[in-house]
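Anchor point for the sequence shown: position 359 equals 359 in the UniProt record's numbering, and the numbering is continuous, going up by one each time.
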Amino acid sequence: MEVVLTSLLLGTLTGKIANIAMVALGLGLVIFFHELGHFAVAKWCNVKVERFSIGFGPIIYSFKYGETEYALSIIPFGGYVKMLGQDDVDPSQLSSEEIALDPRSYSAKPVYQRMGIISAGVIMNIITGMLFFAFAFRLGVASTPCIVGTAVPGMPAWESGIQPGDVIHKINGNETTSFMDIIRSSAFSDGDIMMEGTHLNGEKFEVKVTPDQTGTRPQIGLLPAQSLQIPVYQDPNERITSKGTAAASAEPRFLPGDTIKTIDGQKIENYAQLQRTYAAKSSETLKTGVVREGTPDTEVVEIEVKNNPFRTLGLWMEIGPIESIQKGSPADRAGLKVGDKITHIDGQDVGKALNPLRLPNYFSGRAGETIPIVVNRKQDGAQPTEVNLNVVPLDNPAWLEHPVFSNTPLAVGSLGIAFHLIPTVLKVEEESPAAKAGIKPNALIKKIKILYPENETAADWAPIPEVTYEFDDKNKNWANAFWEMQVRPGWPVELTFSQDGKIVEKKINPWVNPKQEPDEQWSLPVRGIRLQSLREIQQAESMGQALGMGVQYTTNSAKDIYLTLRSLITGRVSPMELSGPVTIAKVAYEVAHDGYAQLLLFLGFLSVNLAVLNFLPIPVLDGGHMVFLCWEGITRKRPNEKVLTAATYVGMIFVLGLMIFVLYLDIFLRALS
Numbered sequence: 001m002e003v004v005l006t007s008l009l010l011g012t013l014t015g016k017i018a019n020i021a022m023v024a025l026g027l028g029l030v031i032f033f034h035e036l037g038h039f040a041v042a043k044w045c046n047v048k049v050e051r052f053s054i055g056f057g058p059i060i061y062s063f064k065y066g067e068t069e070y071a072l073s074i075i076p077f078g079g080y081v082k083m084l085g086q087d088d089v090d091p092s093q094l095s096s097e098e099i100a101l102d103p104r105s106y107s108a109k110p111v112y113q114r115m116g117i118i119s120a121g122v123i124m125n126i127i128t129g130m131l132f133f134a135f136a137f138r139l140g141v142a143s144t145p146c147i148v149g150t151a152v153p154g155m156p157a158w159e160s161g162i163q164p165g166d167v168i169h170k171i172n173g174n175e176t177t178s179f180m181d182i183i184r185s186s187a188f189s190d191g192d193i194m195m196e197g198t199h200l201n202g203e204k205f206e207v208k209v210t211p212d213q214t215g216t217r218p219q220i221g222l223l224p225a226q227s228l229q230i231p232v233y234q235d236p237n238e239r240i241t242s243k244g245t246a247a248a249s250a251e252p253r254f255l256p257g258d259t260i261k262t263i264d265g266q267k268i269e270n271y272a273q274l275q276r277t278y279a280a281k282s283s284e285t286l287k288t289g290v291v292r293e294g295t296p297d298t299e300v301v302e303i304e305v306k307n308n309p310f311r312t313l314g315l316w317m318e319i320g321p322i323e324s325i326q327k328g329s330p331a332d333r334a335g336l337k338v339g340d341k342i343t344h345i346d347g348q349d350v351g352k353a354l355n356p357l358r359l360p361n362y363f364s365g366r367a368g369e370t371i372p373i374v375v376n377r378k379q380d381g382a383q384p385t386e387v388n389l390n391v392v393p394l395d396n397p398a399w400l401e402h403p404v405f406s407n408t409p410l411a412v413g414s415l416g417i418a419f420h421l422i423p424t425v426l427k428v429e430e431e432s433p434a435a436k437a438g439i440k441p442n443a444l445i446k447k448i449k450i451l452y453p454e455n456e457t458a459a460d461w462a463p464i465p466e467v468t469y470e471f472d473d474k475n476k477n478w479a480n481a482f483w484e485m486q487v488r489p490g491w492p493v494e495l496t497f498s499q500d501g502k503i504v505e506k507k508i509n510p511w512v513n514p515k516q517e518p519d520e521q522w523s524l525p526v527r528g529i530r531l532q533s534l535r536e537i538q539q540a541e542s543m544g545q546a547l548g549m550g551v552q553y554t555t556n557s558a559k560d561i562y563l564t565l566r567s568l569i570t571g572r573v574s575p576m577e578l579s580g581p582v583t584i585a586k587v588a589y590e591v592a593h594d595g596y597a598q599l600l601l602f603l604g605f606l607s608v609n610l611a612v613l614n615f616l617p618i619p620v621l622d623g624g625h626m627v628f629l630c631w632e633g634i635t636r637k638r639p640n641e642k643v644l645t646a647a648t649y650v651g652m653i654f655v656l657g658l659m660i661f662v663l664y665l666d667i668f669l670r671a672l673s
């Protein structure tokens, strides 16, 4: 056993070292080819190149070959070619008459040659980026298809009626090739986007979606689908079932590489069907049929998986106004409006006789029936009025749409509404954890912190962290916090609440009500099985086709970068979306896990990114040098030394400031989030 474990650990360690080496080599090549472009054209123009460096700052290692020093410097965020008469640290060399007298100096060369030298790095990055893409497509690139896994409640796509399992075929009339097309069109569109697709039942649809602008970038709230296969992780300690869930204790055990084929003998075709089946039969023990990796499809192993009961605190919160309504839904047809507050259902008070958190189950269990509801509706310039309506719920499983993100409202899928919960306690269940902690009706919850179980640490639950939610007018997170309690079974919570004029802090253990019969339990729509993302392979049949795909991908990548920059300038995309060298290295390391093709694809994008950004008209960058060369070519005069020096230092300050900003995002925000 020790020998096997040691071999696994050594294999994992070797794999990590190999990935790091691949990433370092790949990132180094992107920089190397850029500088090689400058270097090669400079040599071709007979310019004396004093130093060719990969990296900035103090030199770690160097050697001299001919007249040029080749160096590796300590700061690996770029590189430079130092030519006689061209030095960003000393811009006065560009206007020095003495240096210009040397026929081998950069400044002595004609404008067209200097333009060629400056643009060579960018051109080289475009060419190498295209080649990276071409080789990736020749190997076969795994991409995420345009199949919806989740429509986030309250977001524009959810409001438009897009559902899990829907396939998006066209966006604004253009054929889609991967899920990135959805993200790209949402982030960069100037207004509404038109989406055409097919629902899970085969019905065609065409909807207009207006991206939400409240986040760091415009988005419509769609997440990609997962496959039916359990992943095979490189790390042997990585869990394939979530700790503490029904799947983790199922017998026989789920194994890496298992593919789900049936549930209780019913064939499962896709992830959306799996979601609906588990949600519709949430309180039942189900036999999940899987095919083990490497075995024939006919050899199905049935695994008995129990239900996952909701864990609660025993608190009933106040329902908030309706935040969102799906177009064409039962709620829409019944005349419900955004801003309506549901007060009574079937004559029962919502919040005191009916728990708002259980409304998804209440309506789902009454599918097809006519249910009377009373809403409190605001009137312009008048007192709110009560409105009586009748709704007929659809047969949609409860909690199929999870409030997985901050400020995500709770969805009632069978009605097509979503609402937030106000953190005011209306009722406390008898003998519940909240009752034992002394919480009373009318208490106001200020904060909830979900803590690791006693004597357990982050290592026991990785990658699931502790989380804290605060509640106020802007942070309407009770539904999200409640869901996060479910994915952390057995974790205690620390509640901070206001009661009787005092701020109280209590540690509480959520419970599953012991008085409930197993078949009456309020159960989660999931079982705790982790699945791989759904991928499809795009592979060129020949090198010629691969080059064509590489050119197209290079063009699209350049457009994406341009649109990103435009959106940053116009404010449509927040600077918080920027990534620095730490994130780039981390992403490169992660894609290296997926093989050479994915790493090549990433390096191709990085090459194109470097080309576009480096040609921006900012002094110090190649684009800034090109601006001065254009000025010289038009006026037949060299730029004024003072103007050139001032502009160069301003550009240097801007670039250094940008580098510090993205490093701050990488190290202090993303690393701690």
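The beta-carbon is built from N, C-alpha and C at its ideal position, and this holds for glycine as well.
- In the structure shown, the three-state DSSP call for N125 is helix.
- Note on geometry: alpha-carbon atoms of Q552 and V41 lie some 27 angstroms from one another.
- Proximity to I240 across W461, T570, T285, I503 peaks at W461, based on C-alpha coordinates.
- Spanning the alpha carbons of K306 and N480 requires a straight line of approximately 24 angstroms.
- If the five residues before and after A443 are omitted, its C-beta is found closer than 6 angstroms to the C-beta atoms of V425, F497, Q499, all from its own chain and listed in chain order.
- Within the DSSP bridge table, the entry for D349 names H344 as partners.
- Here M124 is buried, its C-beta having at least 16 other C-beta atoms within 10 Å.
- According to the DSSP secondary-structure assignment, P463 is paired through a beta bridge with no residue.
- For E206, the secondary structure class from DSSP, reduced to helix, strand or coil, is strand.
- If the five residues before and after I503 are omitted, its C-beta is found closer than 8 angstroms to the C-beta atoms of K446, T496, F497, all from its own chain and listed in chain order.
- Around the C-beta of T648, 16 or more other C-beta atoms lie within 10 Å, and the residue is accordingly described as buried.
- The beta carbon of Q532 sits closer than 6 angstroms to the beta carbons of S227, Q229, P231 from its chain, once the five residues preceding and following it are set aside; these are given in chain order.
- DSSP links F605 through a beta bridge to no other residue.
- When the alpha-carbon of P356 is set against those of I325, L315, D340, R333, the nearest one is in L315.
- Non-local beta-carbon contacts of P384 in its own chain, meaning distances under 7 angstroms to residues more than five positions away in sequence, involve N376, R377, K378 in chain order.
- Sequence-distant Cβ neighbours of A248 in its own chain, meaning closer than 7 angstroms and more than five residues away, are T241, S242, G528.
- As the crow flies, the alpha-carbon of A136 is around 14 angstroms from that of S607.
- Straight through space, the alpha carbons of G66 and S73 are spaced by roughly 20 angstroms.
- In the three-state reduction of the DSSP assignment, M83 falls in the strand class.
- Distance from the Cα of R311 is smallest, within the candidate group T128, V512, H402, N396, for V512.
- Boundaries of the beta strand (DSSP E) around W316: 315-325.
- The beta-bridge partner set that DSSP reports for E175 consists of K170.
- Contact annotation: S178 and P211 have beta-carbon atoms that are not nearer than 8 angstroms.
- For the pair of segments examined, the region 393-404 was found to touch the region 413-429: the number of CB pairs separated by less than 8 angstroms reaches three.
- Comparing alpha-carbon positions, the option among P360, D473, V493, Q486 lying closest to E454 turns out to be V493.
- Taking 8 angstroms as the cut-off, the Cβ atoms of I371 and D346 count as close.
- Counting only residues of its own chain and dropping the five nearest sequence neighbours on each side, S557 has a CB closer than 6 angstroms to the CB of F605, V608.
- In the three-state DSSP reduction, G197 falls in the strand class (E or B).
- Using a Cβ-Cβ distance cut-off of 8 angstroms, the region 137-149 and the region 535-550 are in contact, since at least three pairs of beta carbons, one from each stretch, lie closer than that value.
- Between the alpha carbons of R572 and L563 lies a gap of roughly 10 angstroms.
- If you draw a 10 Å sphere on the C-beta of G381, you find fewer than 16 other C-beta atoms in it, and that means exposed.
- Assigned with DSSP and collapsed to three states, T555 falls in helix.
- Taking a cut-off of 8 angstroms on C-beta distances, the region 141-161 does not touch the region 619-631, as fewer than three cross pairs fall below it.
- Collapsing the DSSP output to three states places Y233 in coil.
- Separation of I319 and K586 (C-alpha to C-alpha, rounded to the nearest whole angstrom) is 42 angstroms.
- By a beta-carbon distance limit of 8 angstroms, G85 contacts S105. Their separation comes to about 3 angstroms.
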